[in-house]
Every structure is written in C-alpha cells, then in structure tokens.
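Engineer: Here it is: the structure, laid out below.
Residue numbers (our numbering): 5 to 204.
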C-alpha cells in the first residue's frame, strides 16, 4: 500500500481514506465520485499516481469489487457506476444480549457480540451463542431499536430481541448451569454475560 513518491513514502490507502472523509464531510452525505478523489489528491500532491488512486478505490479497497488482489480492504462500497461511499457495516449493535427466536421456536438461542454487515453485496449476521461463533447470510427484513428480523438463505426467520431481565428471569434462568446472580438492570445482565463468555 506504500509507494515512494519523490523519495517520500506515501501510504495510498491512508491518504485516500483521509481525502474521502474530507469530501464526504464537505458534501454532507456519504457518497463520492472517483474523479473527485483523484482531483483532490493530485491538487495536494501532483506527483501521486492517478491510476493507483483509482485502483485502490475501485478494486483493492472496495467491498463489492471482484477479488483481484491478494490483500483487500473494506473501505468503500460501489453504489452506482462511478459512485462510491464509505463502507459502513449495517449495524454494530454493541454490548447487548439478544434472545433469538428461530421460525416458530421462541427463545431458541442467546446471542452476544451481534453484528450485521454487508460483504460483497450480501447481508450477514454474525454472533456468539455462548458456545461458538455463528454466521448466516441472508437479508434484514425489519430493523428496530429493540431488535431485528433476519431471513437466512435457507429461509429461516431469525428474530433478534434485546434481552430484558424480566424475560431472562421468566424463561432463561432455569436453563443456565452454575450460580447466576440476580440482575437489577438489563445492563448488569449484559455485563455478566460478556464477562463470563467473552472475557470482557
């Protein structure tokens, strides 16, 4: 990712990211054209290689480009011909615990470290179920503050609901082995699970 330009090392990826963030901030929306990036960067440093800039944005660092490089990055996403945006996973839901219903089976799984992301044009949900990591491709059907519904490629409907102490005590507590403390708040519940199963 680094090249020598006039005997100075230039990290094209870092320089392009800084430029794109500047352009997006100035525009007030997350989209940019490849020409804008090239023009801005060459105005700053005319010794840079326009072809290298284009390759980084359109191929090496683009999540939905064909895999033509040994090392790639998920910095940008192509949204139309010649139009890109900074890539952002759909959701990183943070340190919450989720109850997961699968099809008609209520409270089928517990899920930690839940993340919804888009890779190469496909949506994925990834999480840890207190035993192992899991991941499914498909699509988000509904997304709300207290959870989301995910339809897998196998047509399973997974409903992720933010856990509450009330429902945990009512349904889950009797299935958990060992000494589990009484939780006063949802946050205490999340912290205990992350500490016990993910060591955080």
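From the three backbone atoms N, C-alpha and C, an ideal C-beta is built for every residue, glycine too.
Predicted model, so just to flag it, every value in this text is computed and none were measured.
Given a cut-off of 8 angstroms, decide if residue 140 and residue 129 are closer than it, judged by their beta-carbon atoms.
Structural biologist: As a first step, residue 129 is located in the chain shown; it is residue number 125 there, counting from the start. As a first step, residue 140 is located in the chain shown; it is residue number 136 there, counting from the start. Against a cut-off of 8 angstroms, the Cβ pair of residue 140 and residue 129 comes out as a contact.
Engineer: What is the DSSP secondary structure of residue 199, reduced to helix, strand or coil?
Structural biologist: Against the chain shown, residue 199 aligns to sequence position 195. Residue 199 falls in the helix class under three-state DSSP.
Engineer: Quick check on the DSSP output: the beta strand (DSSP E) that includes residue 109 runs from which residue to which?
Structural biologist: As a first step, residue 109 is located in the chain shown; it is residue number 105 there, counting from the start. Looking at the DSSP string, the run of the beta strand (DSSP E) that includes residue 109 is 109-123.
Engineer: For the segment 118-174, list the beta strand (DSSP E) runs that are entirely contained and at least 3 residues long, ordered along the chain.
Structural biologist: Listed in chain order, they are 126-132, 137-148, 151-156, 161-166.
Engineer: At the level of alpha carbons, what is the spacing between residue 144 and residue 19?
Structural biologist: The count along the chain shown starts at 1 and reaches residue 144 at position 140. The count along the chain shown starts at 1 and reaches residue 19 at position 15. Rounded to the nearest angstrom, the two C-alpha atoms are 34 angstroms apart.
Engineer: Skipping 5 residues on each side, what residues in its chain have a beta carbon closer than 7 angstroms to that of residue 21?
Structural biologist: The sequence position of residue 21 within the chain shown is 17, counting from 1. These residues qualify, in order along the chain: 79.
Engineer: Spell out the partners DSSP gives residue 82 in its beta bridges.
Structural biologist: Mapped onto the chain shown, residue 82 falls at position 78. Per DSSP, 88.
Engineer: Starting from residue 183, follow the beta strand (DSSP E) in both directions and report where the run begins and ends.
Structural biologist: By 1-based counting over the chain shown, the position of residue 183 is 179. Element bounds for residue 183: n/a, residue is neither H nor E.
Engineer: Measuring straight from C-alpha to C-alpha, what distance separates residue 95 and residue 151?
Structural biologist: In the chain shown, counting from the first residue as 1, residue 95 sits at position 91. In the chain shown, counting from the first residue as 1, residue 151 sits at position 147. Confidence is the limiting factor: at residue 95 the pLDDT is only 48, short of 50, which leaves the residue's position unreliable, though a coordinate-based value still follows. When rounded, the distance between both Cα atoms is 11 angstroms.
Engineer: Hey, quick one: how far does the alpha helix (DSSP H) through residue 16 stretch, first residue to last?
Structural biologist: The residue you call residue 16 lines up with position 12 of the chain shown. That run of the alpha helix (DSSP H) goes 16-31.
Engineer: Need the endpoints of the beta strand (DSSP E) that residue 104 sits in, please.
Structural biologist: Taking the chain shown and counting its residues from 1, the one referred to as residue 104 is at position 100. Counting along the chain, the beta strand (DSSP E) containing residue 104 begins and ends at 102-106.
Engineer: Which of the three DSSP states is assigned to residue 37 in this structure?
Structural biologist: Looking up residue 37 in the chain shown gives position 33. Residue 37 falls in the strand class under three-state DSSP.
Engineer: Give the range of the alpha helix (DSSP H) segment to which residue 69 is assigned.
Structural biologist: As a working mapping, residue 69 is identified with position 65 in the chain shown. That residue, residue 69, is in no alpha helix (DSSP H); it is neither H nor E in DSSP.
Engineer: Given residue 2, which residues of its chain have a CB within under 8 angstroms of its CB, disregarding the five upstream and five downstream residues?
Structural biologist: The question about residue 2 has no answer, for the chain in this structure spans 5 to 204.
Engineer: Helix, strand or coil for residue 53, going by three-state DSSP, please let me know.
Structural biologist: In the chain shown, counting from the first residue as 1, residue 53 sits at position 49. Looking at residue 53 - three-state DSSP - the assignment turns out to be coil, as it is neither helix nor strand.
Engineer: Counting C-beta neighbours from all protein chains within 10 Å, is the total for residue 179 16 or more, i.e. buried, or is it exposed?
Structural biologist: Taking the chain shown and counting its residues from 1, the one referred to as residue 179 is at position 175. Exposed: under 16 other Cβ atoms inside 10 Å.
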